[in-house]
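If you read the protein sequences in the order shown, they are chains A and B.
Numbered according to this note's numbering, the first sequence spans residues 7 to 145.
Numbered according to this note's numbering, the second sequence spans residues 6 to 311.
Where a beta carbon is used, it is the ideal one built from N, C-alpha and C, also for glycine.
All figures in this text were calculated on a predicted structure; none of them were measured in a lab.
Worksheet: one structure, shown below.
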Amino acid sequence: MSNAPLRVVLAKVGLDGHDRGIKVVARALRDAGFHVIYAGLWQTPEAVVRAVADEDADWLGISLLSGAHMTLMPRLLQLLREAGLSHVGVLVGGIIPEDDVPKLLELGVAKVFGPGTPLDDIVAFLQQAPRDRHASTAS
Amino acid sequence: MLAPLLERFRQRDRLALARLLSLVARGEQTEEILAGLPTTAKPARVVSITGPGGVGKSSLTGKLIAEIRRHHLSVAVLACDPQSPLSGGALLGDRFRMPAHPDDDGVFIRSLAAAGGQGALAAHLPALLQLVESFGFEVILLETVGAGQGDTAVRALVDVVVLLLQPETGDELQWEKAGLLEVADVIALHKADLPGIDRAEAQVLAALGLSAGPTPPVLRVSSRTGQGIADLWQAIRALPLRRGLRRDADELFRLTREWLAVRFAAVRATPPCTALLDRWRTGQVRTEAAVRELLRLLSDSPLDHD
């Protein structure tokens, strides 16, 4: 199992329609050997959680440029917990004010990547993260 | 490790289905998993949606999901894409083109990319389909890129093959060359709202007219306008569940040939096969003996060889 490609769902929630950043990340992760499921724009938190569940994702990457992160992320993380998906690592990318970063981490986000983050940093973060996240649900 | 997961599967836990699909797609513990599945009361209708890239398979699949739900049937989608032979990565974007049904337990959508590309995926498909069917879905839509020969293998695993074509994609000779028309049970002329649809339809009908025997229905559909979607589902539903047919000897022979093709794809890269080839090339084994040996390898190999 350890060599299997990690599955990453990438999505945008809420009304912001800027998808260039998330597409660049999607491609970089694909090129680094990940299986990337691109769920697209304008997703509701409920739809994202359903995608994470059905796709058996290891990671969920959310791109947020709208400023709605402090309302959308708590809701998303709560829905993930309710769906039995606490083992899924959550990343946030986009424009997040510095003061909000610790709050998001506190809520359970694994990492926040701001604008200008080198793609290699994102890839390296995922590759170095522990791989046995599934242990809790597989047993 | 596996037993609790299978128990959760029997309790119809979607997360267990999702996890088991991951294992089987990687060729891990497939035989143990299949042995632990509950038997299905009612066979699913397995429909392959195939066609060249860009023809709109995902959009049409999205429309079909809604139509199938209108008939109160549950539906699972397996959207298959090749993974990069270089990095092993894959960008699976089919889901993006299908409307989400987050509150509807009657819809399950899963993107798949197999290690080892299309051939390996075909090798894992029987088990993947069995999992989804055993979970109780009534309709299974299998979305694959139509690539000619690969589709023949897929055809053996499904009840109905829907081939999507669109205006202005190459001429009839291209379709003939790819052998696409032969595998189709239903031909859907997609993007029927675009100009050029009359010409495309004429080409398809002309190509079909050249072949002996019964020809598949040809329907005009459009995901954009919704034209023909209901008719397409009716056409799919009107066809017999081929996987269940047991009378026609030709069908059995054809299935055998197709399964053999799948096994060939799975076996040829394995160590016993390459060793055999080496011994044959260097003259250590005579051709006839090598053929027999190869036949034995094909019949012994598990279909889900990793």
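Strictly under 8 Å for the Cβ-Cβ distance: is B/F14 near chain A by that measure? It does not; no Cβ of chain A falls within 8 Å.
Opening and closing residue of the alpha helix (DSSP H) in which B/L11 lies: Segment 7-15, the alpha helix (DSSP H) holding B/L11.
At which residues does the alpha helix (DSSP H) containing B/K68 begin and terminate? Residue range 62-75 is occupied by the alpha helix (DSSP H) that includes B/K68.
Pull up the DSSP beta-bridge partners for B/E148, would you. Its beta-bridge partners are B/I54, B/A84.
Note down, in chain order, all residues in the region 16-27 of chain B with a beta-carbon under 7 Å from any beta-carbon belonging to chain A. Residues passing the 7 Å Cβ filter: R19, L20, A23, R24, L26, S27.
According to DSSP, residues forming a beta bridge with B/L168: B/L168 has B/T55, B/I192 as its beta-bridge partners, per DSSP.
Give a yes or no on contact between the region 229-248 of chain B and the region 191-202 of chain B, applying the rule of three or more CB pairs nearer than 8 Å. When Cβ pairs closer than 8 Å are counted between the two stretches, the region 229-248 of chain B is seen to touch the region 191-202 of chain B, the count reaching three or more.
Hey, does B/S64 have any beta-carbon neighbour from chain A nearer than 8 Å? No, its Cβ sits nowhere closer than 8 Å to a Cβ of chain A.
Excluding sequence positions up to five away, which residues of its chain have a Cβ less than 7 Å from the Cβ of B/Q135? Contacts found: L39, L42.
Should the region 193-205 of chain B be called in touch with the region 157-166 of chain B, which here means at least 3 C-beta pairs below 8 Å? The answer is no - the region 157-166 of chain B does not touch the region 193-205 of chain B, with fewer than three Cβ pairs under 8 Å.
Would you list the residues sitting across from A/W65 in a DSSP beta bridge? For A/W65, the beta-bridge partners assigned by DSSP are A/V14, A/G95.
On the three-state DSSP scale, how would you describe A/L70? Taken through DSSP and simplified to helix, strand or coil, A/L70 comes out as strand.
Rounded separation between A/R87 and A/G95 - CA only: Roughly 11 Å between the two C-alpha positions.
Answer with yes or no whether the minimum CB distance from B/G141 to chain A is below 8 Å. It does not; no Cβ of chain A falls within 8 Å.
Would DSSP call A/I101 helix, strand or coil? Here A/I101 carries a coil assignment [DSSP, helix/strand/coil].
Anything in chain B within Cβ reach of A/F40, meaning under 7 Å, just list it in chain order. Within 7 Å of the CB of A/F40, the CB atoms of chain B belong to G94, in sequence order along the chain.
CA-CA distance, B/H77 and B/H106? The alpha-carbon of B/H77 is positioned some 14 Å away from that of B/H106.
Bounding residues of the beta strand (DSSP E) (the contiguous stretch that carries B/R115): Element bounds for B/R115: 112-117.
Counting only beta-carbon atoms, is A/I4 nearer than 8 Å to chain B? Since the first and last residues shown for chain A are 7 and 145, residue 4 of chain A lies out of range.
Considering only the beta carbon of each residue, do B/A29 and B/V144 sit closer than 8 Å? Here residue 29 of chain B turns out to be Val, not Ala, going by the sequence shown. Here B/V29 is not near B/V144, since their CB atoms are 8 Å or more apart.
Does the Cβ-Cβ distance between B/G141 and B/R242 come in under 8 Å? In terms of Cβ geometry, B/G141 and B/R242 do not form a close pair [threshold 8 Å].
Go ahead and pull the three-state DSSP assignment for B/L26. DSSP places B/L26 in helix when its eight states are reduced to three.
One question on the structure: do B/L224 and B/T55 come within less than 8 Å of each other, judged by their Cβ atoms? Against a cut-off of 8 Å, the Cβ pair of B/T55 and B/L224 comes out as no contact.
Is the beta carbon of A/R13 less than 8 Å from the beta carbon of A/I43? Contact: yes.
Rounded to a whole number of angstroms, what is the C-alpha to C-alpha distance between B/L97 and A/E104? Cα to Cα, B/L97 sits roughly 32 Å from A/E104.
Might you give, ordered along the chain, the residues of its own chain that have their beta carbon closer than 6 Å to the beta carbon of A/R26, omitting 5 neighbours on each side? Closer than 6 Å at the Cβ level, and outside the excluded window around A/R26, lies no residue.
For B/F14, which of B/I73, B/M103, B/S139 has the nearest alpha-carbon? Check the Cα spacing between B/F14 and each of B/I73, B/M103, B/S139: the tightest is with B/S139.
Using a Cβ-Cβ cut-off of 8 Å, state whether B/P90 counts as contacting chain A. So no, B/P90 is outside the interface.
Rounded to a whole number of angstroms, what is the C-alpha to C-alpha distance between A/G46 and B/L7? Spanning the alpha carbons of A/G46 and B/L7 requires a straight line of approximately 33 Å.
Going along the region 105-120 of chain A in order, which residues come within less than 9 Å of chain B, judged by CB to CB distance? Under the 9 Å Cβ criterion, the region 105-120 of chain A contributes no residue.
Using a Cβ cut-off of 9 Å, pull out every chain A residue sitting near B/I114, in sequence order please. Result: R56, A57, D60, E61.
Does A/Q134 have its Cβ less than 8 Å from a Cβ in chain B? For A/Q134, the nearest beta carbon of chain B is not closer than 8 Å to its own beta carbon.
Starting from B/Q239, trace the alpha helix (DSSP H) in both directions and tell me its first and last residue. Residues 234-243.
At the 8 Å Cβ level, is A/G90 part of the contact set with chain B, yes or no? Any Cβ of chain B closer than 8 Å to the Cβ of A/G90 would place that residue at the interface, and such an atom is present.
What's the gap between the Cα of A/H140 and the Cα of A/T50? Low local confidence applies: a pLDDT of 48 at A/H140 is under 50, so the model's placement there is unreliable, with the coordinate-based value given in what follows. The C-alpha of A/T50 is placed about 25 Å away from the C-alpha of A/H140.
At a Cβ threshold of 8 Å, is A/D80 touching chain B? Note that residue 80 of chain A corresponds to Pro in the displayed sequence, not to Asp. Interface residue (Cβ-Cβ distance to chain B less than 8 Å): A/P80 is not classified as such.
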